[in-house]
Amino acid sequence: MRFVRTFALLLCCVGFLPVHGHASDAGDGYPQVRVAFADGVTGLPALTYASEAGFRPLTLDLYLPPPRFEGPRPLVIFVHGGGWAIGTPRYAAVYRNWPERLAGLAARGYVVAAPSYRLSGEARFPAAFHDIQASIRWLRSNAQAFGVDRERVLIWGESAGGHLAALVAARCEGSARANGESACVQGAVVWYGISDLLSQDFGDMDRNFIGCAVGCDELRRQASPVHQVGPDAAPFLILHGTADRVVPYRQAQLLQQALERRKVPARLLTLEGIDHSFIGHTPAQTQKVGEQALRETFAFIERLLPAQNRVDAEE
Numbered sequence: 001m002r003f004v005r006t007f008a009l010l011l012c013c014v015g016f017l018p019v020h021g022h023a024s025d026a027g028d029g030y031p032q033v034r035v036a037f038a039d040g041v042t043g044l045p046a047l048t049y050a051s052e053a054g055f056r057p058l059t060l061d062l063y064l065p066p067p068r069f070e071g072p073r074p075l076v077i078f079v080h081g082g083g084w085a086i087g088t089p090r091y092a093a094v095y096r097n098w099p100e101r102l103a104g105l106a107a108r109g110y111v112v113a114a115p116s117y118r119l120s121g122e123a124r125f126p127a128a129f130h131d132i133q134a135s136i137r138w139l140r141s142n143a144q145a146f147g148v149d150r151e152r153v154l155i156w157g158e159s160a161g162g163h164l165a166a167l168v169a170a171r172c173e174g175s176a177r178a179n180g181e182s183a184c185v186q187g188a189v190v191w192y193g194i195s196d197l198l199s200q201d202f203g204d205m206d207r208n209f210i211g212c213a214v215g216c217d218e219l220r221r222q223a224s225p226v227h228q229v230g231p232d233a234a235p236f237l238i239l240h241g242t243a244d245r246v247v248p249y250r251q252a253q254l255l256q257q258a259l260e261r262r263k264v265p266a267r268l269l270t271l272e273g274i275d276h277s278f279i280g281h282t283p284a285q286t287q288k289v290g291e292q293a294l295r296e297t298f299a300f301i302e303r304l305l306p307a308q309n310r311v312d313a314e315e
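Shown next, in the form of structure tokens:
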């Protein structure tokens, strides 16, 4: 149990804040820690979904809804930001306890996954993109174990994670299958993400990401969601501030226009005067916009992929 207590303490330090934690199998020398959140949500931290030779194991945190939600549940995959260079699945924007927010979505009847991926200092594009696709395939291949509805998957990301989410959702055709599993999704939410690497130079950030500095137009096109949108793209919700100094608001407009040209449902929620990461002019405004973004995101998810098979907790 000393191992479990130490692991649970470590999770607290890095932001995975449980109500309590316990090992799922006392006979296992390295047991899977299960973390209990409010409202009956169970967290399974750091599940390995891929092991690429020469790289660290790729992991994801999983949040399972309470038992009253029976049957296959919709899956939501959150992709963290950080300029493709830094970041973890347990941090997002200005939110103090991001795992608690993801657990809040799970409490509504969703299986929520937050994967890590190879950063630009580890591997160049398309490595991160392929990693997120691999996480989707892994979750589909384990759908029965986690109670996932394989046909109802939504991807959601912020900043660099928003870019990766948009790239995954931009087209289903040509999504290479591994072990018979698809990386297609049925919906996407993009928070202040880059959508067109050809229309603007983002400096070292994007050069490090794509691994190219000169003569890179074709690679930039491949990495740009606006140039990859197909007719089978998933419906989008896009949130972006007009005062964003990291990823200009124009990037959101370009994405919406590219989707509309393909007749893909896309809503752009414009946040007037708001900077990157939903930062406002005052702490109060920042908090207000952050809460608004979550409300709009959760409402979109519930409309597009409503949680089903809800069972009365007293039955």
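For the sequence shown, position 289 (counting from the first letter as 1) is numbered 289 according to full-length UniProt numbering, and the numbering increases by one without interruption. A virtual CB, placed ideally from N, CA and C, is assigned to each residue, including glycine.
For residue j and residue i, the rounded distance between their alpha carbons
i	j	result
Met205	Val148	35 Å
Glu296	Ala266	14 Å
Arg118	Phe209	10 Å
Leu197	Ser224	6 Å
Thr59	Tyr49	6 Å
Ser135	Gly109	20 Å
Glu272	Gln32	44 Å
Ile132	Val190	15 Å
Phe78	Val153	11 Å
Asp232	Pro89	28 Å
Ser182	Phe125	20 Å
His130	Leu164	10 Å
Leu139	Arg261	31 Å
Pro66	Leu294	20 Å
Asp201	Pro115	27 Å
Thr270	Pro248	12 Å
Gln253	Arg68	40 Å
Gly215	Ala169	27 Å
Val35	Tyr63	9 Å
Asp39	Ala107	6 Å
Glu218	Ala123	18 Å
Leu102	Ala213	37 Å
Ala23	Asn142	Confidence at Ala23 is low in this model, with a pLDDT of 45, below 50, so the placement of that residue should be treated as unreliable; the coordinate-derived value is given next. Between Ala23 and Asn142, the C-alpha separation is close to 20 Å.
Gly180	Thr286	44 Å
Glu302	Glu151	15 Å
Arg207	Asp61	29 Å
Glu100	Leu75	17 Å
Val264	Ala234	7 Å
Gly203	Glu291	31 Å
Closest by C-alpha distance to residue i, when choosing among the options
i	options	result
Gly71	Val111, Gly180 and Tyr63	Val111
Leu304	Gly230, Arg262 and Val185	Val185
Leu47	Arg68, Trp98, Phe146 and Ala170	Phe146
Val289	Ala299, Phe300, Asp61 and Asp275	Asp275
Ala284	Gly193, Tyr95, Ala123 and Ile194	Tyr95
Leu167	Phe300, Ala299 and Ala258	Ala258
Val226	Tyr192, Asn97 and Gln251	Gln251
Ala127	Gly203, Gln222 and Arg73	Gln222
Arg73	Ile194, Trp84, Ala188 and Ala113	Ala113
Ser199	Arg220, Thr282 and Ser141	Arg220
Tyr91	Glu291, Ser277 and Thr282	Ser277
Distance between beta carbons of residue j and residue i, contact taken as under 8 Å
i	j	result
Ile238	Gln256	6 Å
Ala243	Glu158	About 17 Å separates the two Cβ atoms, so there is no contact after all.
Gln228	Arg137	Actually they do not touch by this definition, with Cβ atoms about 19 Å apart.
Leu105	Phe300	Incorrect: roughly 12 Å between the Cβ atoms, too far for contact.
Ala307	Phe236	Actually they are not in contact, since the Cβ atoms of Ala307 and Phe236 sit about 20 Å apart, beyond 8 Å.
Ala160	Trp98	That pair is no contact at about 15 Å.
Gly230	Gly193	Actually they do not touch by this definition, with Cβ atoms about 18 Å apart.
Per-residue burial, residue i [other beta carbons within 10 Å of its own, 16 or more giving buried]
i	result
Ala53	exposed
Ile155	buried
Phe55	exposed
Ile86	exposed
Gly241	buried
Gly211	exposed
Gln144	exposed
Gly81	buried
Pro45	buried
Gly43	buried
Ser120	buried
Ser51	exposed
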